[in-house]
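Residue numbers (the working numbering): 712 to 966. Cβ coordinates follow ideal geometry from the N, Cα and C atoms, glycine included.
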């Protein structure tokens, strides 16, 4: 995010820490929480910040279905920094204990439309690029599916994968080459695990994997896929496809 003076020229002495992140405008009504969240996230992305969901609650029966009617959102720079007590390992963190909190709710009185209420002010400067926030770097379902196919192709480099995925996005993308490289490695490990689960050789021992090991490997692969994609393959489906030894008819004794 490049900030320019009113005359349009770039100010070489500009200090980005002097810029305050604005709060969203007063709430309009939204047809769903997803629409509300997309609006707020887009506003924060364009102003050098990001939101994450803290918790949800206040379930009510809506058209016969138990439905969450309130969400609490916070700045992704929220939460306290790690303790400075001695003996506790310190890690680099972007957390600033930012106090910004947003309540999003719906009710029968509102006609089940959604509204939000903002509290607090950001205590940190805006980020210079949306890629500074993990939530803005998330890949879409279409991009994740494409990444899976490209990895299975086996001849596409990580840098080329990123370009291809950006070309098919149809909208701005903020994931980094490192994100694609990490996804690529996880997908390769998952594919390797599946090959073991399908009755191949165990790379650790050089011997054929047994049936129990195959099922365990398939479950591990499903969990890796869930970690990358955010939706797990049904374990039962994985296990049924990874059966390593077909059943045969028992031999009848000869007279």
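Query: What is the DSSP secondary structure of residue 768, counted as helix, strand or coil?; Result: strand
Query: Indicate whether residue 815 and residue 786 have their beta-carbon atoms separated by less than 8 Å.; Result: no
Query: Below 8 Å on the Cβ atoms is my contact criterion, and I expect residue 827 with residue 762 to pass it. Report the Cβ-Cβ distance as a whole number of Å.; Result: With 8 Å as the limit, residue 827 and residue 762 do not qualify as a contact, their Cβ atoms being about 10 Å apart.
Query: Assign residue 785 to one of three DSSP states: helix, strand, or coil.; Result: strand
Query: Could you give the DSSP three-state label for residue 762: helix, strand or coil?; Result: strand
Query: Buried or exposed: where does residue 731 fall if 16 or more other Cβ atoms within 10 Å of its Cβ makes it buried?; Result: exposed
Query: Under a Cβ-count criterion, where at least 16 other Cβ atoms within 10 Å of its own Cβ denotes burial, should residue 776 be classed as buried or exposed?; Result: exposed
Query: Expressed to the nearest angstrom, what Euclidean distance is found between the alpha-carbon atoms of residue 822 and residue 780?; Result: 12 Å
Query: Less than 7 Å between C-beta atoms, sequence neighbours within five positions excluded: which residues of the same chain meet that for residue 846?; Result: 761, 763, 787
Query: Quick one: what does DSSP say residue 932 is sitting in, helix, strand or coil?; Result: Low per-residue confidence applies at residue 932: pLDDT is 47, beneath 50, and the placement is therefore not dependable, though the value from the model is reported in the following sentence. Three-state DSSP puts residue 932 in a helix.
Query: How long is the line joining the alpha carbons of residue 789 and residue 809, rounded to whole angstroms?; Result: 4 Å
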